[in-house]
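In terms of the numbering used here, the sequence shown opens at residue 1 and continues consecutively.
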Amino acid sequence: MALYEGLYGQRPFRAKNRRALEAMILKGLVETAPRGSKVPPWIQRVLARGLAVHPEERWPSMSALLEQLSRDPVARRRRVALIVGVSAVILGGGGLGLRAWTEHVRAEARRCTAAADQLTGVWDVERAAEVEAAFTATDLVYASDTWTRTRPVLDRYRDEWIAMHTEACLANRRGEQSDSLLDRRMSCLAERRAELGAVVEALTTADAKAVENAVQAASSLGPLSRCADVGALQATVPPPDDPATRAAVASLRERVATVRADAATGRLKQAAATATTLLEEAEALGYEPLLAEALVARGYALELSGDYKGAGEVIERAFWTADAAGHDALRAETIALLIQVLGVRAQRRDGLGFWIRGAPAVIERAGSPKRPRYLLALALGGLAFYRGEHEEALTQFTRALEFIEGEAERSYLFADVTNKSDPRP
Numbered sequence: 001m002a003l004y005e006g007l008y009g010q011r012p013f014r015a016k017n018r019r020a021l022e023a024m025i026l027k028g029l030v031e032t033a034p035r036g037s038k039v040p041p042w043i044q045r046v047l048a049r050g051l052a053v054h055p056e057e058r059w060p061s062m063s064a065l066l067e068q069l070s071r072d073p074v075a076r077r078r079r080v081a082l083i084v085g086v087s088a089v090i091l092g093g094g095g096l097g098l099r100a101w102t103e104h105v106r107a108e109a110r111r112c113t114a115a116a117d118q119l120t121g122v123w124d125v126e127r128a129a130e131v132e133a134a135f136t137a138t139d140l141v142y143a144s145d146t147w148t149r150t151r152p153v154l155d156r157y158r159d160e161w162i163a164m165h166t167e168a169c170l171a172n173r174r175g176e177q178s179d180s181l182l183d184r185r186m187s188c189l190a191e192r193r194a195e196l197g198a199v200v201e202a203l204t205t206a207d208a209k210a211v212e213n214a215v216q217a218a219s220s221l222g223p224l225s226r227c228a229d230v231g232a233l234q235a236t237v238p239p240p241d242d243p244a245t246r247a248a249v250a251s252l253r254e255r256v257a258t259v260r261a262d263a264a265t266g267r268l269k270q271a272a273a274t275a276t277t278l279l280e281e282a283e284a285l286g287y288e289p290l291l292a293e294a295l296v297a298r299g300y301a302l303e304l305s306g307d308y309k310g311a312g313e314v315i316e317r318a319f320w321t322a323d324a325a326g327h328d329a330l331r332a333e334t335i336a337l338l339i340q341v342l343g344v345r346a347q348r349r350d351g352l353g354f355w356i357r358g359a360p361a362v363i364e365r366a367g368s369p370k371r372p373r374y375l376l377a378l379a380l381g382g383l384a385f386y387r388g389e390h391e392e393a394l395t396q397f398t399r400a401l402e403f404i405e406g407e408a409e410r411s412y413l414f415a416d417v418t419n420k421s422d423p424r425p
């Protein structure tokens, strides 16, 4: 870029602002040579290659560029001296910064279009082949049919994750969303990726029970819509500042995903054991937002094992822990889960009114995210159903449908009320 400007007296990419400049660089829209320029056309062709969008199309090295620029049949020596002088400017000053900036722009653009790379080894062709092989190895007569229904659910989740990741990055690059919000969106997406990886890992060693629950497990992955819900994201607690604590929290959150995946695929004993160890480690770490999440995972495992009383106690503790940590998003989801566990699962009515009356305000404080509203409507519908108030139950179930996206989640609406073995929280 500096060489071009030194020869032509103008920059190769002229724009009014940074965004326009980046767009021109990425599209390779190099300015034509100004009228009256005494620079030979062959030099412009050499420079154009050096400014190519894709690295593989550029000159492989500065030496190769200098060699081409030194091949002037008329005044080779003079031209070599000119190029050497200008190259010294490039290597010694501002030109290096411009070249570095160009590479930075391209690197940032690749970051916004390379989301699929982050799912390599999580859910890709190779992992799909492993899961299919595990299903086949069970020799179940319905294994093949279950595989054909499970894969599209995981594929769709992968595609939506990639689209969400790309959109989040571009929104930040366009200046529409702050760096702080981008960090929260990426943190949310990292959690969803961990959940996807945990479910896939469980399915790669699938037994008969896992195959039986495979479609449900795939459909139980956390909704990606939450990672675009600004209100809900702002209600989450930012990651800890200390790098060591941040790394420990990220590692333990992956274990939370493993608990959910094991429980969803029917490995209840394994899920319970992992949840117990996870809770102990979270308590030792002392980071309350994570402790609240570990308590929810523990409560989830207890609920699926049929210990509704124990699940209710643990989830209630999770609510107050999230409250103390200022984790509004988890408070909202936890209060809805608590009403579901106590009222629908455990059929316990004493004290339930306190939680039902408080739920709307708690959810509103968290920015009214969809999932807690869905879970609350689901719980209220279940309560009405068991009271024999079928019209009210239908009203609440209809409301629940309005809060969720996709047919996969809808298929579990009534199962949550009538099927005790359903893996959804």
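C-beta atoms are modelled at their ideal positions from N, C-alpha and C, and glycine is treated no differently.
- The beta carbon of V122 is closer than 7 Å to those of R193, L196, G197, V200 in its chain, skipping five residues each way along the sequence.
- Judged by DSSP secondary structure, T277 falls within the alpha helix (DSSP H) whose first and last residues are 268-285.
- Pairing C227 with T166 gives a Cβ-Cβ distance that is not under 9 Å.
- Here the C-alpha atom of L268 lies approximately 27 Å from the C-alpha atom of G381.
- Rounded to whole angstroms, I339 and P369 show a C-alpha spacing of 17 Å.
- Collapsing the DSSP output to three states places T321 in a helix.
- Sequence-distant partners of N213 (beyond 5 residues in either direction) whose C-beta falls short of 7 Å from its own C-beta, in its chain, are A264, T265, G266, P423.
- For D159, the enclosing alpha helix (DSSP H) starts and ends at 143-173.
- Under the DSSP assignment, E288 falls in the alpha helix (DSSP H) whose first and last residues are 288-304.
- Taking the CA atoms as reference points, S219 sits about 22 Å from V141.
- Residue environment analysis places D262 among the buried positions, since at least 16 neighbouring C-beta atoms fall within 10 angstroms of its C-beta.
- Its chain contains L196, L221 as the residues whose beta carbon lies nearer than 7 Å to that of Y157, once the 5 sequence neighbours on both sides are disregarded; these appear in chain order.
- By the C-beta density criterion, Y374 is buried, having at least 16 other C-beta atoms within 10 angstroms.
- For G312, the closest C-alpha among the options V341, A297, R298 is that of V341.
- Take the alpha-carbon of L295 and the one of V314: they are about 6 Å apart.
- The criterion of a C-beta distance shorter than 9 Å is satisfied by V249 and Y287.
- Burial state of H390 is exposed, judged by a 10 Å Cβ sphere holding fewer than 16 other Cβ atoms.
- Per DSSP, A116 is not a residue of any alpha helix (DSSP H), being assigned neither H nor E.
- Taking 9 Å as the cut-off, the beta carbon of L233 is found no closer than this to the beta carbon of A115.
- In this chain, the alpha helix (DSSP H) harbouring W355 covers 352-365.
- Assignment of S220 by DSSP, reduced to helix, strand and coil, places it in the coil class.
- Here DSSP, grouped into helix, strand and coil, assigns S178 to coil.
- Ranked by Cα distance from E283, the options L189, E402, T321 are led by T321.
- Counting of Cβ neighbours within 10 angstroms places Q177 among the buried residues, the total reaching 16 or more.
- Separation of the CB atoms of A393 and F403 is rounded to 16 Å, and the pair is thereby denied contact status at 8 Å.
- A257 is positioned such that its CB atom lies no closer than 9 Å to that of L304.
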